[in-house]
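Asks: If you scroll down you'll find the structure; I have some questions about it.
Numbering (the working numbering), first residue to last: 3 to 63.
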């Protein structure tokens with residue numbers, strides 16, 4: 003539970019910082035959409051990795 007909650011909390015803070023910056027960059031130049039979404043996706047990846055670690059801990063692998 004700690005691994006999932008800590009990674010989700012960290013991902014939330016990362017998305018809270020990355021999403022407004024991405025929206026600002028896209029509003030200035032729409033060609034930055036792909037580059038801006040990569041940062042948001044990386045932040046969400048942190049939560050997914052935490053969930054996977056939690057599953058591995060529960061299964062004692």
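Ideal placement from N, C-alpha and C gives every residue a C-beta, glycine not left out.
Predicted model, so just to flag it, every value in this text is computed and none were measured.
1) What is the DSSP secondary structure of residue 61, reduced to helix, strand or coil?
2) Taking the C-alpha atoms as reference points, what is the distance between residue 63 and residue 51?
3) Please state if the CB of residue 42 and the CB of residue 12 are separated by a distance shorter than 9 Å.
4) Below 8 Å on the Cβ atoms is my guess for residue 38 versus residue 24; work out the distance and round it to an integer in Å.
5) For residue 20, which residues in the same chain have their Cβ closer than 6 Å to its Cβ, ignoring the five residues on either side in sequence?
6) In this structure, how does DSSP classify residue 3 when only helix, strand and coil are distinguished?
Replies: This is what the structure holds:
1) coil
2) 15 Å
3) no
4) 4 Å
5) 41, 42 and 45
6) coil
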